[in-house]
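When we follow our numbering, the leftmost residue of the sequence shown carries the number 1, and every step to the right adds one.
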Amino acid sequence: MAERNPFTPAFGTVPPIMAGRDRLLAELHAALEQGVGDPNLSSILVGARGTGKTACLTRLCEDASDAGWVSASSSAIPGLLDDILQQAQRASAQLVKPKPQRQLTGLSVGPLGASWDMGDEERGNWRTRMSALLERLNARDVGLLITVDEVDASLSELITMAVVYQHFVRERRKVALLMAGLPSHVHALLNDKSVSFLRRAQRHPLGTIADADVRDALKRTVASGGKTIDEEALEICVEATGGFPYMLQLVGYRSWQSALGKAEVGKEDARAGMRAAQEDFKEHVLASTYRELSAVDLRFAKAMLPDKAESRLADIARRMGVTSRYASKYRGRLVAAGIVEELSRGVLRFAIPGFRKYLQEME
Ligand SMILES: Nc1ncnc2c1ncn2[C@@H]1O[C@H](COP(=O)(O)OP(=O)(O)OP(=O)(O)O)[C@@H](O)[C@H]1O
Ligand SMILES: [Mg+2]
């Protein structure tokens, strides 16, 4: 019988076992159960590439339907408003029959005479149409969860959507907005004056995952596919993962492939898996991250290389031959891009596993 590899090293795929996101998912699930007024109903997931933003959004949409919500999921691309409306209409179609386009609402008897109701969902601007849909849903105590992935502040439709959403919240409608994006994009969105209220949205950083959670998820994922994993092999995989969700899937997938036909993933499989995963990671993440750096970003990053693990901003500035103030501007850019993380004031380290080594190789 063909073995099915249980790991999911593809972007946007929900893994069978989500490592280290239990608290976040529980918190957002509780908000959906709680309903109107819960601050987590307006949330933004922030994380570097491959930290699992899309996976979390997808998982939460699944959760939402158990908690009595329908969801409309989209990404911040042109056509966003229309897409959300259509997704919302489709999702609610089973629950609420749309009004026929033309309906005779009154006969020519009585004081009002005859009037035609065209159905607000079919005409009017986006807000009017969404309001009509929300009214029908909310009348049955069903909420609407809107998710927007890959936020991009330069998309005017996203700004329009956020402003209208604020009105829905003020009108106490049962509606939630869950967005996700790269740190720099979220940062730009929150600095847009027209959506300053979004700064009050709950921000949830998707950081690195603790080794204990990685270990547990690797073990359980291997078990879900019907194999076991040797203790030493497990440690090799944990170490190679470096707390990075995408890497967890790559290492797991490659180690499993190496162990095809065997009941256990052994040490040698883990070693081979680690090497293959590092190559994949280099190609899919490190190379593209490197290409996105500006010349000064790159100088800043290279000025971190002489340090073993952590770097001080003052040392970086000295090596670059610039003032700390100038260097701190570039620190902000690299932190916002999720490449560097600030451990404490002025103490920095690379946030993407293997990026230091990659930079050294590129020197
Ligand atoms: N909590 C997790 N535990 C284990 N694997 C995960 C977890 N979250 C995501 N993954 C896996 O990591 C990979 C990347 O996930 P995802 O596509 O959701 O990341 P992303 O943050 O949306 O990336 P991008 O910024 O490129 O859109 C996928 O292979 C997914 O299956
Ligand atoms: Mg994504």
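Backbone N, C-alpha and C fix where the C-beta goes; we use that ideal spot for every residue, glycine too. As the structure is a computational prediction, the values presented were derived from the model and not from experiment.
- For A180, the shortest C-beta to heavy atom distance toward ligand 2 is below 8 Å.
- Counting along the chain, A301 sits inside the alpha helix (DSSP H) bounded by residues 295 to 302.
- Taking 8 Å as the cut-off, the C-beta of K53 counts as close to a heavy atom of ligand 1.
- Under DSSP, F350 shares a beta bridge with V340.
- Straight-line spacing of the CA atoms in K53 and V46 works out to 7 Å.
- The continuous beta strand (DSSP E) containing M179 extends over residues 175 to 181.
- Ranked by Cα distance from E363, the options E264, K174, L298, I339 are led by L298.
- For A233, the CB contacts under 6 Å within the same chain, skipping 5 residues up- and downstream, are V265, G266, K267, A270 in chain order.
- The continuous alpha helix (DSSP H) containing R319 extends over residues 313 to 320.
- Look at D149 here: in three-state DSSP terms it is strand.
- Measuring C-alpha to C-alpha distances from I159 to each of L133, V195, T147 identifies V195 as the nearest.
- In the assembly as shown, E361 is an exposed residue. Its beta-carbon has fewer than 16 other beta-carbons within 10 Å.
- Proximity to A55 across P39, K219, G346, P15 peaks at P15, based on C-alpha coordinates.
- Scanning its chain for C-beta atoms nearer than 8 Å, with the 5 sequence neighbours on each side dropped, one finds around P78 the residues L155, E157, in chain order.
- One thing to note: W69 has its Cβ within 9 Å of the Cβ of G143.
- Excluding the 5 residues flanking it on each side, S42 has same chain C-beta neighbours closer than 6 Å at L177, A201, in chain order.
- Going by beta carbons, A337 and L182 fall inside the 9 Å limit.
- Burial check for H185: the Cβ neighbour count within 10 Å reaches 16 or more, so the residue is buried.
- Taking non-hydrogen atoms of ligand 1 into account, the C-beta of A217 is found less than 8 Å away from one of them.
- The shortest C-alpha to C-alpha distance from K219 to any of A10, R127, I17, N40 is the one to I17.
- Taking a 10 Å sphere around the C-beta of L137, we find 16 or more other C-beta atoms and assign the residue as buried.
- Relative to ligand 2, the beta carbon of F11 is positioned inside 8 Å of a heavy atom.
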